[in-house]
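Following our numbering, the numbering of the sequence shown begins with 63 at its first residue and continues without gaps.
Here the structure is laid out as structure tokens; the discussion comes afterwards.
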Amino acid sequence: MFGYDISANPVTLDPQQANDANSNLIIGNLYMGLLTVNRDGSIGTGAASDYTVSEDGLKYHFTLRQDVYWVNVEGYEKQCTAKDFVYGFTRLFLPETNAPHAADYYCIENARDINMGWTAYTSRLGVKALGDFELEITLSYPNPRFPAMLAEPPAMPCDEEFFLNARGKYGLSAECTPSNGSFYVRSWNYDPYASTDVNRVLLSRNRKNAEAWEICPAGLNFYIEKRDDFVPDFLHGDTACIALSNDEKSLIKGNYGCEEFCSVTCGLVFNRKFELFKNEDFIKALSLLANREEISAAISEFEKAEGIVPKQVTMSENNYRETAGSCAIPERNTEKARELFLQARSGLNTDLFTGARVIVCSAAANTAVSYIMQEWQREFGFYCVVETLSENDFKKRLQSGDFELAVTELSGKYNSPAAYLEQFRTGNSENYIGYSDYEFDSLIKRAVEASDLEKSAEYFKQAEQRLIDSSAFLPLYYKNEYFFTGKKNVDIIYNPFSKTVNFTHAKVKKR
């Protein structure tokens, strides 16, 4: 039995509706998609034993395994077939499902029309069962990331019979949550007024699928904690693993297993809704006064960023940063900064040169912005006030737009340059700075729809460079994440993008 702390009660274990980290963490151990993503980023088989892709990248043909079964805590048992994947995708796009990530799969033929209510004919969806164990998916345009997307929660299958019998409670209790993956929900208890001993989601091994995926643990305990500090539980051996940032890694001392992931880029952003920052020349002038070498030396535990997309990101089996190369990030240039400032000065309201707020949520960010602010004060007489916030308060301020500048951590929810760059697309809900550029949006679209990975990487690189050139995001340093496992625990797989942990093959060494 392996234990793991989670920060809140899962909202739902319905893969098509889940939209929070704790739900997706557990869903990843309950369901099995057509394909899986291996530890190194390569694509592996899941419920499909094999698949082929047409030369134009539009048609995927899957042969499904015949030894995959649905089970639940009340003894439900049924073979998982191609029809379950058809129904899963149908539910994803039905308007009444209100699936938060349906638009991510609009590359599937007619998916957008169904989801937007432009057609009620779900039979037109490009997902067809050609038999009990043969499935065909047709795309409207090529998507190089599509195989990886088939391993993510929205693409999980759904047993129509079980779903209808759940009568609106699908994924909301142990009895109403099925599993076609490694584990099933044995019990799910949560009382906001009770202790952690009561608040937990307990999973047991799906014995029908145990041989198909060599499921090792007998069960999993997800402890729903009311506190943020999970380190004591890990050090006491109550939990099997823990993920920590650069700032926290020193808390773990001893002979523990450790993996390092460079998956976060920290950078400076300007809120373009603030009057001063509507002037792009002024923003560029401020950016050119940032001495990234000096900042890197001051916070030596962090590595100077080579671009917006961090080094952990891959495209298929290729490292994106190595494929695309470093971006051209302007280094400190006082002369050019003064030139741009003089161009911008006539259009600036200098009454706003005092008191602009910079929000940060870490000591490293505070150090970095302090060095930059000194240059702004000396060269332009531009003064700022630093507000150091808790992580939760920082997020709230970003989302509300209640800031002028911020040193923010840019992370991706999945392994792709798109996960980082799309946050700056016009109208994106996470585009807190109000950035809007038609050419940038167009580059992202071309990258996502490119016919091959090389073209896709090149478009992403151009989009990345465009963000930097316009000072929409000034990359400062990379922030690493560390995944620690117990001294005898092995084969636990952590995904630094989705923050999920796969326990299917987890083992305890005898020695």
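Positions of the beta carbon are idealized from the N, C-alpha and C atoms, including for glycine.
Check, Outcome
"Within 10 Å of its beta-carbon, does residue 438 have 16 or more other beta-carbons around it, so buried, or fewer, so exposed?", "buried"
"Can you give me the C-alpha to C-alpha distance between residue 460 and residue 138, rounded to a whole angstrom?", "45 Å"
"Please determine, among 110, 525, 128, 279, the residue with the shortest C-alpha to C-alpha distance to residue 212.", "110"
"Quick one: Cα of residue 125 to Cα of residue 511, how far?", "25 Å"
"Would you say residue 333 and residue 463 are within 8 Å of each other, going by their C-beta atoms?", "yes"
"Spell out whether any CB of chain D is found under 8 Å from the CB atom of residue 497.", "The chain inventory of the structure shown lacks chain D, comprising one protein chain alone."
"Could you name the residues that DSSP lists as bridge partners for residue 66?", "284"
"For residue 309, collect the residues of the same chain with a Cβ closer than 8 Å to its Cβ; drop the 5 residues on either side in sequence, then sort them by chain order.", "424, 425, 426"
"With which residues is residue 189 paired in a DSSP beta bridge?", "199"
"With C-beta atoms as the reference, is residue 316 less than 8 Å away from residue 551?", "no"
"On the DSSP bridge list, what partners appear for residue 537?", "329"
"Excluding five sequence neighbours on each side, which residues of the same chain lie with their C-beta closer than 6 Å to the C-beta of residue 508?", "521"
"Return yes when the Cβ of residue 429 is within less than 8 Å of the Cβ of residue 367, no when it is not.", "no"
"Taking the alpha-carbon positions, what's the residue 455 to residue 196 distance?", "49 Å"
"Express the C-alpha separation of residue 88 and residue 181 in angstroms, rounding to a whole number.", "34 Å"
"So who's on the other strand from residue 234, going by DSSP bridges?", "Partner(s): none; residue 234 has no beta bridge."
"Got a sec? Which residues, its chain only, sit under 7 Å from residue 415 by beta carbon, not counting five neighbours each side?", "443, 444, 445"
"Going by DSSP, which residues form a beta bridge with residue 323?", "543"
"Measuring CB to CB, does residue 330 end up less than 8 Å from residue 469?", "yes"
"Within the chosen definition, does the region 116 to 131 reach the region 270 to 281 through at least 3 CB pairs nearer than 8 Å?", "yes"
"Determine the burial state of residue 547: buried for a count of at least 16 other Cβ atoms within 10 Å of its Cβ, exposed for fewer.", "buried"
"From which residue to which residue does the alpha helix (DSSP H) around residue 144 run?", "144 to 155"
"What is the DSSP secondary structure of residue 487, reduced to helix, strand or coil?", "coil"
"Considering only DSSP beta bridges, list what residue 569 is partnered with.", "552"
"State whether the region 174 to 189 contacts the region 94 to 107, with contact taken as three or more CB pairs (one from each stretch) at a distance under 8 Å.", "no"
"Would you call the region 67 to 87 and the region 228 to 248 touching, i.e. three or more CB-CB distances under 8 Å?", "yes"
"To test your reading of the DSSP string, which unbroken alpha helix (DSSP H) runs of 4 or more residues are found completely within the region 350 to 384?", "354 to 360"
"In whole angstroms, what separates the C-alpha of residue 340 from that of residue 431?", "21 Å"
"Taking C-alpha atoms, which residue in 152, 192, 164, 256 lies nearest to residue 183?", "152"
"Would residue 209 and residue 105 qualify as a contact pair, given that the criterion is a beta-carbon distance under 8 Å?", "yes"
"I need the boundaries of the alpha helix (DSSP H) containing residue 90, first residue and last residue.", "83 to 92"
"Over what stretch of residues does the alpha helix (DSSP H) that includes residue 428 continue unbroken?", "425 to 442"
"What number of angstroms, rounded off, separates the C-alpha of residue 307 from the C-alpha of residue 194?", "45 Å"
"How about residue 325 and residue 374: are their beta carbons less than 8 Å apart?", "yes"
"DSSP state of residue 121, grouped into three classes?", "strand"
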